[in-house]
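Heads up, the thing below is written out as structure tokens.
Numbering (this note's numbering), first residue to last: 665 to 1077.
Laid out in structure tokens, this is it:
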């Protein structure tokens, strides 16, 4: 069936049988064997060499899977340009054998994994189709192996990870999810020293669910509270609870299991068909609404409510569900106070005004949603000299119904 699928996607491609064989062998191969396995099939596909590069956890470097290859900067290389734009790039190969080097994005769904390097003596239409099919084949295999392999996890890290961060990251979903109607993407810093921040998102046929959580403290107990909150959120959602009931489940879970801990958070649901946004704000900074490259002042600001874990103990009042209607292309940004309360090397507060100004500049170029967020968190971290005093987490939801717009997923070739 795999070979037939590739034959349908790439009509007339004589190499689809080889791609089918590669798929079958790659599914059984150990992660460490992937580079050699792919290159054993490269010649039969009319290619000289294939390299796999996975992005590191901070999305700064493209790290080779295997030995003997160098890393590439996401911000200052052709490989990085392919990662940032999801567009193929072709250049002359810089090796004694000459030929052509092709860079292709490795994308599983809308989650950017890294890039694929292909070297070939010539690039005609047939080889181009095989390169694209190879990238499409390898991305979901990498995702499946990453779930159980430390090889891929180590590949994405440039330094040791602290225990609280290890625990929280074990609960996190993919960094980006989406379809032809909406995209949700998130970033967290400091990547290796997280305490109590986390995000969650999920999609059904009709609804995008997303949440951001900030637990009290910056220690292992904060990470534990965040993990309980994430579990409560998913438990309620997967049981068919509505938004208010889902947040109530989180309240009850924290009150029962960690009564001396609380968290703030925002939980939202986006109707994919009509753009109706529903959200609950539990003592958290209000979401920001970005429309036509401008932050609408206080558009989603509503009266505050108690943090998570407290209503179950202190108040019988149910959570308030707020409602707003989005326009196509609107972006909703959730963030933790570690973003606005960060201070630079001179002690100056980053602040909400500077934050919103940075958002406007980041979105003005019409970038993909996940690239906007990547550049935004890097700007904040670099401005603080990599010395964030608290977790800084952002989650960006974009409603883009219909054909992919400039903020959705760009074509890959």
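Glycine is no exception: its CB is placed at the ideal position from the N, C-alpha and C atoms.
These numbers come from a predicted model, not from an experiment.
Where does residue 831 sit, in a helix, a strand or coil, going by DSSP?
Looking at residue 831 - three-state DSSP - the assignment turns out to be helix.
Which value, in whole angstroms, describes the spacing of the CA atoms of residue 1055 and residue 969?
Each residue's Cα considered, the two are about 22 Å apart.
Taking the alpha-carbon positions, what's the residue 697 to residue 770 distance?
So the alpha carbons of these two residues sit roughly 18 Å apart.
If you measure between the beta carbons of residue 988 and residue 931, is that distance less than 9 Å?
No, Cβ-Cβ distance for residue 988 and residue 931 is not below 9 Å.
Determine whether the beta carbon atoms of residue 933 and residue 922 lie at a separation below 9 Å.
Cβ atoms of residue 933 and residue 922: not closer than 9 Å.
Let me check understanding here. Comparing Cα to Cα, which of 779, 787 and 712 lies closest to residue 761?
Measuring from the Cα of residue 761, the nearest candidate turns out to be 712.
Decide if residue 980 is buried, meaning its Cβ has at least 16 other Cβ atoms within 10 Å, or exposed.
So residue 980 counts as exposed.
Please classify residue 1070 as buried or exposed, where buried requires at least 16 neighbouring CB atoms within 10 angstroms.
With a pLDDT of 39 at residue 1070, under the threshold of 50, the modelled position of this residue cannot be trusted; read the value that follows with caution. Exposed, because fewer than 16 other Cβ atoms sit within 10 Å of the Cβ of residue 1070.
Looking only at its chain, what residues have a beta carbon closer than 7 Å to the beta carbon of residue 910, apart from the 5 residues adjacent to it on each side?
Excluding sequence neighbours, residue 910 sits near 897, 900, 901 and 931.
Closer than 6 Å by C-beta to residue 914: which residues in its own chain qualify, once you throw out the five before and the five after it? Chain order, please.
Closer than 6 Å at Cβ, skipping near neighbours: 893, 896, 897 and 972.
Could you tell me the alpha carbon to alpha carbon distance between residue 870 and residue 1034, rounded to whole angstroms?
Looking at the two C-alpha atoms, the distance is approximately 22 Å.
Among 825, 690, 736 and 823, whose alpha-carbon lies nearest the alpha-carbon of residue 804?
Selected option, being the one with the closest Cα: 690.
From this set, 817, 692 and 684, which residue's C-alpha is nearest residue 728's C-alpha?
For residue 728, the nearest C-alpha among the options comes from 817.
Looking at the structure shown, is residue 786 part of a helix, part of a strand, or coil, going by DSSP?
Three-state result, residue 786: coil.
Helix or strand or just coil, what does DSSP make of residue 759?
Here residue 759 sits in coil by DSSP.
Under three-state DSSP, which class holds residue 1076?
With a pLDDT of 37 at residue 1076, under the threshold of 50, the predicted position of this residue should be treated as unreliable, and no value is reported.
Give me, in chain order, the residues of the same chain whose beta-carbon lies closer than 6 Å to that of residue 963; leave out the 5 immediate sequence neighbours on both sides.
These residues qualify, in order along the chain: 953.
How should residue 967 be labelled, buried or exposed, when 16 other C-beta atoms within 10 angstroms of its C-beta is the threshold for buried?
Classification for residue 967: exposed.
First and last residue of the beta strand (DSSP E) that includes residue 717?
First-last of the beta strand (DSSP E) with residue 717: 713-719.
My output table needs one value for residue 860: the three-state DSSP class, helix, strand or coil.
Reduced to three states, the DSSP call for residue 860 is coil.
So if DSSP puts residue 689 in a beta bridge, which residue, or which two residues, is it bridged to?
Note: residue 689 sits in no beta bridge, so no partner.
With a threshold of 8 Å, are at least 3 pairs of Cβ atoms found where one atom belongs to the region 715-723 and the other to the region 778-797?
Contact between the region 715-723 and the region 778-797 is present, because at least three Cβ pairs lie under 8 Å.
Pull up the distance between the alpha-carbon of residue 739 and that of residue 984, whole angstroms please.
Each residue's alpha carbon lies about 42 Å from the other.
Please specify which runs of the alpha helix (DSSP H), each continuous and at least 4 residues long, are wholly inside the region 948-1036, giving them in chain order.
975-978, 1001-1004 and 1015-1027, all fully within the region 948-1036.
Answer yes or no: do residue 1023 and residue 1040 have a C-beta to C-beta separation smaller than 9 Å?
Against a cut-off of 9 Å, the Cβ pair of residue 1040 and residue 1023 comes out as a contact.
Between residue 831 and residue 907, is the Cβ-Cβ spacing less than 9 Å?
No; because the gap between Cβ atoms is not below 9 Å, this pair is not in contact.
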